[in-house]
Amino acid sequence: MSRVIGIDLGTTNSCVAIIENGQPSVIPNAGGYKTTPSMFAVTQDGKRLVGHLAKRQAITNARNTVFASKRVIGRRFDDGEVQKCIELCPYSIVRGQNDDPRIEVGGKAFTCTEIASIILREMKRVAEEYLGEPVQEAVITVPAYFNDAQRQCTKDAGRIAGLEVLRIINEPTAAALAYGFGKKNDEKIAVYDLGGGTFDISILEMGQGVIEVLATAGNTFLGGEDFDRRIVNWLIERFQSSDSIDLRGDPMALQRLKDAAEKAKCDLSQREAVEINLPFIASDTQGPRHLSIELSREQLEGLVHDIVSETLKTVERCMSDAGLGAQDIDQVILVGGQTRMPLVQQAVADYFNKRPHKGVNPDEVVAVGAAIQGEALTSEEENLLLLDVTPLSLGIATFGGHFAKLIERNTTVPVRKGHIFTTTRDHQTAVKIRVLQGESDVAAENDLLGEFVLTGIRRAPKGEPEIEVSFDIDANGIVSVSARDLETGKEQSITVNATGTLDESEIQQIIEEHELYEVQAKG
Amino acid sequence: MYPTDPQCTGSGERMRLGREGATSGEDRTPRLAPGCDPSQLSLTPAEGYLLSRIDGRTPLSLLRQIGGMPPGEIDRCIERLSKEGVLAFDASGRERPRAASAASAAPAAPPTAATRAVAAPEIDPALDLAVDVQERVLEFEARLARPYHEILGVAADADVRAIKQAYFGLSKQFHPDRYFRRNLGPFGPRIERIFKKVLEAYELLSDPATRAEVQNAQAASAAPEPAAAPSQGAAAARRLRARLGALGKHHRAHDERKRKAKSLFESGMAAFHAERWIEAAGSVRLAIAFDPENEAFKGAFSDVQRRAHEERARVLMKEADGASSLGDWREAARLYEEALHYRAFDASLNEKTARLLLKLSGDLRKAKEYALAACELEPDTAAYRRTLGQVYRAAGLAANAKREFQNALRLDPSDAESKQELKSL
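Residue numbers (the working numbering), protein chains in the order written: chain B, 27 to 549; chain P, 1375 to 1799.
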């Protein structure tokens, strides 16, 4: 039987892990690195590069190198986040046929699902080379706040990469699994996950080898790259005031600025000040211009402290969802490279009045947790059990455009909940059940998952018929909704199929294309 | 207009009771519980009479026939007596494995671990689930209607910590992920149902607000535990006597009945929420018998009964489908007709029954009635018009038949069968 790998498909870096002889281990790639950049590039001569190779040529081939595509996966082209990326990314993002953002590199528009699949395929290859045997099954992690479409796209990407995705689990939950592995004591844990692209906070409780998610909150618009962006903008402004040249329109310069900003940010976790040097960043009539600016840790903290405070607001909301105070938390786990920043560590320690746990590697812990969940699902042994939750509230649209939640977010699955509704007009014989997902009280602001009509209701004054709507979520997260007229027993139901941005035929087409490409590459 | 309310079909009700006696397989033998003194109780004359008939040898089915009372009244008395701990039941019913599947309507004894042992044939060693785990699942499933704290296996006043521990412990046994991708047969849905119920119990009891509600609801009926298992009978009777001694003589019977009614109602509602509609209807009906003034019970009853009827219809239709597939058309027609008592509004069922009667060259008047009903309920279905036409043709009403075939063709011009029929007319 083949083994299950755990993949942390990160915004900036990805990581793969496996359980070997009962112990989790992170699999290094051919270069010896335990994480692989989530980057993909097409070179001038049409060659495809992934990971470190793609990153190495990113500056010289900025227009054809994709990074951080996770930020736009499963979103609509008109989404604010997509527009933000279009503004900042050196590669071009175009509108796809399903209204989805597609990334144009090497003269071809790739869907985000396809790009994710290319990175997943690379992680699969890393694992196979290390293990010396084929790998077919995986557990993949996503940010806790990914919606159904984003999760489905990730799942589709896994399938295109030739992996059966046993589960999609939340990154902070995976981190807690990694922390809880082999522990039997009762603890309440907070996982503070500040990654490249997203911020998540989860509160979990463990005992007897069971891990229960008490609450999750997050912000998909906030992450380490926002720190980089602040630095880049600061550099651009400084350069503009000193050299009167605006670097914003120059993709090559932007890429160099971004790399330099990221490096400076990392260095400032160890040092008090760094010198940012970018020779030949631009040129004008007077010849080449060089950028040389010093950035101190204090200056950096001044640039980003509001982002850090923003994360603490989310933490506060999550704690109140869990019904806990800071003093109730026994352990704080930091996840994501951005938590290496002293300012972040200090802010978290101040909030919880507790030093964060040091035993886990913030870059690897999520992949390890995914591997543990894969093992827990497939092995006969009774190790850890994760009581996972549904990430977003589910309900139906009601009279006046309101949203009636039947299953609140963070509800443990599998679960079944029902509620009685009635008609709003006299002699109404049919009701339309619109199934929504989201947190807004206004129906239109939530995602529509599906709809159906229940007919044959007895002609009666409004408010008299009783229609029971029940929601069922099974262990695999599949949602089914039924409406039943309690008087006649008439029933209608749908199973909500999460849809990514690609339909089945498009997925098959990409799988075939990839096979062709594989053959080409080998030949 | 065709009756659309299944409640007005009184004959269905009678037929239902008749069927129960014949097929429920609930043939247990009541006897006096050891160490119990019924003279301490306040019994109605009917209850006292029935008690005098119980000799530990006469099975329930026979008692119903020789009791000289309506079977429903006998069930009511048996229920009362067994709740009071006066009666115990012989386990002879174990030889009748149908009891588990035939969804017995009379809630003489709610299913307990002991009676559910009947379900032993459901255990399948071929499944990818250890036999002892299968037994545990069946046993636990039978307990899902019990009060929430009992489902979790904690004391009624357990603290949140104990509740959480119990929940974690049960999750390790019943979370579907424990059995990921295993071949569980019918145990898959069972395990999922159990987990959902355990989760519900945990959610309700771990939140102080919802917990208070649950406890208030239970407190009113808490004192007498349903004495379903024979071993509990004597103890329950003792508890009951102790409590009765403390009450005034006049009030106690009245209070007792109300309490009983409430507890019956609650177990009925629990069955209702566990979707065991027929059992629920039985319990609520008994609750009303014990406390006829309670409007809330009556209010709930119509809803519960509707579900029970629905469930009954579902079972009947399934049996009818089974008879059809075996080629036993006569039995199938009979079962469909019976199902129609509960589902008169079901156009396709009406049409199906009409078609079967036609095929059997049975009662054409009835066949016409059903086919007409189908067309009235769904006037735009070509196939129903065609069936009606065929019934008319068989009855020699050529003009009517012609009209209906034309109607069918108007609705569905590609209907070859109707074209053929028209031609032959």
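We put the CB at the ideal spot given by N, CA and C, even for glycine.
- Residue environment for Leu474/B: exposed (fewer than 16 other C-beta atoms within 10 angstroms of its C-beta).
- Neighbours of Phe1719/P in chain B, taken as residues at a C-beta separation under 7 Å, are given in chain order as Thr514.
- Taking one beta carbon from each stretch, the stretch 215-232 of chain B and the stretch 396-406 of chain B have fewer than 3 pairs nearer than 8 Å; the two do not touch.
- Here the stretch 479-488 of chain B makes no contact with the stretch 438-445 of chain B; the two share fewer than three CB pairs at distances below 8 Å.
- Using beta-carbon distances, Phe1554/P counts as an interface residue toward chain B, with a partner under 7 Å.
- With fewer than 16 other CB atoms across the displayed protein chains lying within 10 angstroms of its CB, Glu465/B is exposed.
- Taking the Cβ atoms as the reference, Asn245/B lies roughly 6 Å from Thr340/B, within the contact range of under 8 Å.
- Any Cβ of chain P closer than 7 Å to the Cβ of Val479/B would place that residue at the interface, and such an atom is absent.
- For Glu1513/P, the closest of Val1528/P, Asp1502/P, Ile1497/P and Ala1768/P by C-alpha to C-alpha distance is Ile1497/P.
- A distance of 7 Å or more separates the beta carbons of Phe1779/P and Ser1788/P.
- Take Pro487/B, set aside five residues on each side of it, and the residues of its chain with a beta-carbon closer than 7 Å to its own are Asp452, in chain order.
- Three or more Cβ pairs closer than 8 Å define a contact, and the stretch 426-435 of chain B falls short of that threshold against the stretch 1572-1589 of chain P.
- The beta carbon of Leu1425/P sits no closer than 7 Å to any beta carbon of chain B.
- Taken atom to atom, the span from the alpha-carbon of Arg185/B to that of Cys179/B is near 10 Å.
- Here Leu1544/P has Val1572 as same chain residues with Cβ atoms under 6 Å from its own Cβ, once five neighbours each way along the sequence are excluded.
- Contact annotation for Gln234/B against chain P: Gln1539, Phe1542, Gly1543 and Lys1546 [CB-CB distance below 8 Å, chain order].
- Bounds of the beta strand (DSSP E) holding Tyr218/B are Glu213 to Leu220.
- By the neighbour-count criterion, in which 16 or more other beta carbons inside 10 Å mark a residue as buried, Asp1720/P falls on the buried side.
- DSSP, reduced to helix, strand and coil, places Arg102/B outside both helices and strands of the structure shown, so it counts as coil.
- Separation of Asp272/B and Ala67/B (C-alpha to C-alpha, rounded to the nearest whole angstrom) is 27 Å.
- Interface residue (Cβ-Cβ distance to chain P less than 7 Å): Val258/B is not classified as such.
- Lys1742/P and Arg1680/P have their C-alpha atoms roughly 27 Å apart.
- When the Cα atoms are used, Val1588/P and Ser118/B turn out to be separated by approximately 59 Å.
- A residue is called buried once 16 or more other Cβ atoms fall within 10 Å of its Cβ, and Asn196/B is buried on that count.
- Comparing alpha-carbon positions, the option among Ala470/B, Thr91/B and Asp356/B lying closest to Ala80/B turns out to be Thr91/B.
- C-alpha of Arg510/B to C-alpha of Ile493/B: approximately 5 Å in a straight line.
- In the pairwise beta carbon analysis, the stretch 1546-1561 of chain P is classified as not touching the stretch 1577-1585 of chain P: fewer than three pairs are separated by under 8 Å.
- Closest in alpha carbon position to Gln454/B, among Gly489/B, Cys111/B and Thr424/B, is Gly489/B.
- Going by DSSP, Arg1708/P is part of the alpha helix (DSSP H) stretching over Trp1703 to Tyr1716.
- Taken atom to atom, the span from the alpha-carbon of Ala1768/P to that of Pro1753/P is near 21 Å.
- Along the length of the stretch 432-463 of chain B, whole beta strand (DSSP E) runs at least 3 residues long occupy 441-447 and 457-463, reported in chain order.
- In this structure, Ala1645/P sits near Ala1519/P, with a CB-CB distance shorter than 7 Å.
- Rounded to whole angstroms, Thr404/B and Ile44/B show a C-alpha spacing of 13 Å.
- Only residues of its own chain outside the window of five on either side were considered, and among them Leu1518 and Ala1519 have a CB closer than 6 Å to the CB of Ala1648/P, listed in chain order.
- In terms of Cα proximity to Ser309/B, the closest of Ala279/B, Ala299/B and His331/B is Ala279/B.
- Linking Gln312/B to Asp269/B through their CA atoms gives a straight-line distance of about 11 Å.
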